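Heads up, the thing below is written out as structure tokens.
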Amino acid sequence: PLREVNFTLPTYANAFIRELPGWKDFDPATEVIHCEKPGTGCNDAPRCFSMKLSQVTKGELGMKACTVDNELCILHESHSAEAKKSRYGKRLVCVMAKHVDDLKRCGEYHVIVDVLEKIQKVFGKLKIEWNNFTNCGVRHKQDTTTKEVTLDQDDYIKGIKLCTHPDLTGKKPEELACTELHQQYWSVTGAIAYAILTRPDIAVFVAALQRMSHAPTVIHCKRLNSVVRWAQRNPKGIQYVQLEQSGRPKGSTVDTHLRMISDAAFKKEEDSGHSMRGACYVRCLGGTTADMVKTVKGHLLDFVARQQRRVTRATFTSELQGGCDTVDKGFLLLQVLDELSSGRSTAAEAIQRREYGGFAVPGALYLDALSVFASVTATFVKTPADNGVLIHCLYLRELLDNNVIHALIWQDTRDMLADGLTKGSVDRKAIHDCMAGRIDVLHECKPWRPKHLDKKSLDN
-17 PLREVNFTLP TYANAFIREL PGWKDFDPAT EVIHCEKPGT GCNDAPRCFS MKLSQVTKGE
43 LGMKACTVDN ELCILHESHS AEAKKSRYGK RLVCVMAKHV DDLKRCGEYH VIVDVLEKIQ
103 KVFGKLKIEW NNFTNCGVRH KQDTTTKEVT LDQDDYIKGI KLCTHPDLTG KKPEELACTE
163 LHQQYWSVTG AIAYAILTRP DIAVFVAALQ RMSHAPTVIH CKRLNSVVRW AQRNPKGIQY
223 VQLEQSGRPK GSTVDTHLRM ISDAAFKKEE DSGHSMRGAC YVRCLGGTTA DMVKTVKGHL
283 LDFVARQQRR VTRATFTSEL QGGCDTVDKG FLLLQVLDEL SSGRSTAAEA IQRREYGGFA
343 VPGALYLDAL SVFASVTATF VKTPADNGVL IHCLYLRELL DNNVIHALIW QDTRDMLADG
403 LTKGSVDRKA IHDCMAGRID VLHECKPWRP KHLDKKSLDN
């Protein structure tokens, strides 16, 4: 329903509006201007535009909105009556992400052209860019031969201005920033924070600087400048390489799994008691347990570098709760990957998979805390020293027993790429390799699955 929206113009504009037909006697003292439809500048405008666009994508194109994100639309095709009945008998032909009037799509060429033509019939001629374009501030570059894609914000980062003020050299590092320098700190922090979309290697530094935004000192301003300079001097992007599986025809669907890599840092803030947690979500080649413990190609889908939601008292508790939070967010990605593979799900079907497993793409949780791994995988889960987290241990164990997550994997700390999301002093090579589409496992891992599930797999 349309809401009542009325507004007044600045005084100088009244003379101009009276020149319009029918507005000669307009009196701003007793009259206001009524907005008959959602206009640009109103909160209703992007909402109504989205509704109109949805009428085209759903009604005319038959695209389905993803359960997790209504602005992500998918289109599948079935070539037979039997395929329509089968959950996995559908073929994905188009994916489209919407951000108001910025649309990004991929899929089969003839389907994309058909989608564009039908949208243009309703909204008029579109500005269309192929292979190399900027969407929502992120530059997309696609190799026309290999079809591999790189995302970066290099030009945006180069344009970020540093904090400049005499106090940076004239005051002691521990002194509070003056009002002008404080405002610059806010501006630069906000600008570099947006760059985290494609720069997970600086996420932990930005998170630490953001926590100081209420009262930054001179040294915080200097550190902020250092982070921006480093990002400008070391341009990086996220690459999405081809995932080809031996024995399959080129271009056919490959088996993949989702690595939910979790890490936590117990060194906590003195005033809050919260510690950092980090997570990487990487879709990797291969669908078996053996594939999950070796070096493979992969796509970095998402990452997290933020404070723990709860106060922790020990490294065990910090790693355990971080792992639980990592899995919780991983379910959203598993649901998206499932719908990309097999089509839109109902809420009831999504709950069923969340409780009893059955995702099209298996997921595994990776930890480098051997104590947590041993506690969750014990024959009888015992109450930890911090008895308040027993439920968390049982929660992860239940997910494994029900095959909701495929495996729990202990990984050597030297291979833990999420370390760079919780600690500023570690080498960034693992994160940079992941951004380049390669996940290295150089040391032995310990995968674990319930015995009854392994036996069932062998029987099948």
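Numbering follows the working numbering, in which position 427 of the sequence shown is assigned residue number 409; successive positions increment by one, without gaps.
Backbone N, C-alpha and C define an ideal beta-carbon position, used for all residues, glycine too.
Just so it is clear, the structure is predicted and the values come from calculations on it, not from any experiment.
Self-check item: Rounded straight-line distance, which links the Cα of Arg335 to that of Thr297
Solution: If I take the Cα positions, the gap works out to 31 Å.
Self-check item: Of the residues Val200, Ile184 and Gly402, the one placed nearest Ala159, counting alpha carbons only
Solution: The option with the nearest alpha carbon to Ala159 is Val200.
Quiz item: On the three-state DSSP scale, how would you describe Asn442?
Solution: Because the pLDDT of Asn442 is 48, which lies under 50, any placement of that residue in the model is unreliable, and the number read from its coordinates should be weighed accordingly. In the structure shown, Asn442 sits in coil (DSSP, three-state: anything other than H, G, I, E or B).
Quiz item: With Ala261 and Gln290 assumed to form a contact (beta carbons below 8 Å), what rounded beta-carbon distance in angstroms separates them?
Solution: About 12 Å separates the two Cβ atoms, so there is no contact after all.
Quiz item: Buried or exposed: where does Cys118 fall if 16 or more other Cβ atoms within 10 Å of its Cβ makes it buried?
Solution: In this structure Cys118 is exposed. Its beta-carbon is surrounded by fewer than 16 other beta-carbon atoms within 10 angstroms.
Quiz item: Can you give the Cα-Cα distance for His281 and Ile101, rounded to whole angstroms?
Solution: Here the alpha carbons of Ile101 and His281 stand approximately 30 Å from one another.
Practice problem: Take Lys46 and list the residues in its own chain whose beta-carbon comes closer than 6 Å to its own, dropping the five residues that flank it on each side. | Solution: Closer than 6 Å at Cβ, skipping near neighbours: Ile56 and Arg326.
Self-check item: Span of the alpha helix (DSSP H) around Glu59
Solution: Element bounds for Glu59: not the alpha helix (DSSP H) but the beta strand (DSSP E), Leu54 to Glu59.
Exercise. Please list, in chain order, all residues of the same chain as His164 whose beta carbon is under 7 Å from its beta carbon, the five residues on each side excluded.
Key: Once the five neighbours on either side are set aside, the close Cβ partners of His164 are Pro198.
Quiz item: How would you write the range of the beta strand (DSSP E) that Lys86 sits in, first residue to last?
Solution: From DSSP, the beta strand (DSSP E) with Lys86 extends over Asp84 to Gly89.
Exercise. Rank Arg(-15), Arg0, Pro(-17) and Leu(-16) by C-alpha distance to the C-alpha of Leu(-9) and give the top, closest one.
Key: Selection Arg(-15), Arg0, Pro(-17) and Leu(-16) evaluated against Leu(-9) yields Arg0 as nearest (Cα-Cα).
Quiz item: Do you know how far the Cα of Arg396 is from the Cα of Ala360?
Solution: Near 25 Å, if we compare the C-alpha coordinates of Arg396 and Ala360.
Quiz item: Can you tell which of Arg265, Val264, Asp401 and Lys129 has its C-alpha closest to the C-alpha of Ile184?
Solution: Ranking Arg265, Val264, Asp401 and Lys129 by Cα distance to Ile184 puts Asp401 first.
Quiz prompt | Local Cβ density within 10 Å of His92, reported as buried at 16 or more and exposed below that | solution = Exposed, by the Cβ-count rule.
Quiz item: Just the Cα atoms here: how many angstroms apart are Thr365 and Val386?
Solution: Roughly 23 Å separates the two Cα atoms.
Quiz item: Hey, Leu399 and Cys427 are a contact pair by Cβ (cut 8 Å); roughly how many whole angstroms apart?
Solution: The pair is not a contact, with the Cβ atoms about 13 Å apart (cut-off 8 Å).
Practice problem: Drop a sphere of 10 angstroms on the beta-carbon of Tyr338, count the other beta-carbons inside from all chains shown, and report buried for 16 or more, exposed for fewer. | Solution: Flag for Tyr338 reads exposed.
Practice problem: Label Val202 either buried or exposed according to how many other C-beta atoms from any shown protein chain fall within 10 Å of its C-beta, with 16 as the threshold for buried. | Solution: Just to set this straight, residue 202 is His in the shown sequence, not Val. Per the 10 Å Cβ criterion, buried.
Quiz prompt | Assigned secondary structure, Met274 (DSSP; H/G/I helix, E/B strand, else coil) | solution = Helix.
Practice problem: Would you mind reading off the limits of the beta strand (DSSP E) that contains Asn114? | Solution: Asn114 -> beta strand (DSSP E) spans Asn114 to Asn117.
Exercise. State the Cα-Cα distance for the pair Leu206 and Phe248, rounded to the nearest angstrom.
Key: So the alpha carbons of these two residues sit roughly 23 Å apart.
Self-check item: Per-residue DSSP class, three states only, for Pro3
Solution: Looking at Pro3 - three-state DSSP - the assignment turns out to be coil, as it is neither helix nor strand.
Quiz item: Do Leu347 and Ile413 come within 8 Å of each other at the CB atom, strictly closer than that value?
Solution: Result no, Cβ atoms of Ile413 and Leu347 do not sit closer than 8 Å.
Quiz item: Hey, quick one: how far does the alpha helix (DSSP H) through Ile413 stretch, first residue to last?
Solution: From DSSP, the alpha helix (DSSP H) with Ile413 extends over Lys411 to Met417.
Exercise. State yes or no: is the C-beta of Gly312 within less than 8 Å of the C-beta of Leu240?
Key: It is a contact, given that the beta carbons lie within the stated cut-off.
Quiz item: Three or more C-beta pairs closer than 8 Å, one from the segment 165 to 182 and one from the segment 207 to 223: is that the case here?
Solution: The segment 207 to 223 and the segment 165 to 182 touch, with three or more beta-carbon pairs separated by less than 8 Å.
Quiz item: With DSSP run on the structure shown, which of helix, strand or coil describes Ala213?
Solution: Taken through DSSP and simplified to helix, strand or coil, Ala213 comes out as helix.
Self-check item: Where Leu454 falls, given that 16 or more other Cβ within 10 Å makes a residue buried
Solution: The structure shown does not extend to residue 454, since the chain is modelled only from -17 to 442, so the question has no answer here.
Quiz item: Quick one: what's got a C-beta closer than 6 Å to Arg410's C-beta in the same chain, skipping five residues either side?
Solution: Asp183 and Gly402.
Practice problem: Determine the direct distance from the alpha carbon of Asp383 to that of Asn114, and round the result to whole angstroms. | Solution: Straight through space, the alpha carbons of Asp383 and Asn114 are spaced by roughly 46 Å.
Exercise. Could you have a look at Arg205 and say whether DSSP puts it in helix, strand or coil?
Key: Arg205 falls in the helix class under three-state DSSP.
Practice problem: From the DSSP output, read off the bridge partner residues of Gly260. | Solution: Its beta-bridge partners are Asp245 and Ala287.
Quiz item: Helix, strand or coil: how does DSSP classify Asn385 here?
Solution: It is coil, neither helix nor strand.
Quiz item: Short check: CB of Val170 to CB of Ile139, under 8 Å?
Solution: Against a cut-off of 8 Å, the Cβ pair of Ile139 and Val170 comes out as no contact.
Quiz item: Which partner residues does Arg379 have in the DSSP bridge list?
Solution: DSSP lists no bridge partner for Arg379.
Quiz item: Does DSSP classify His122 as helix, strand or coil?
Solution: Annotated three-state conformation of His122 is strand, per DSSP.
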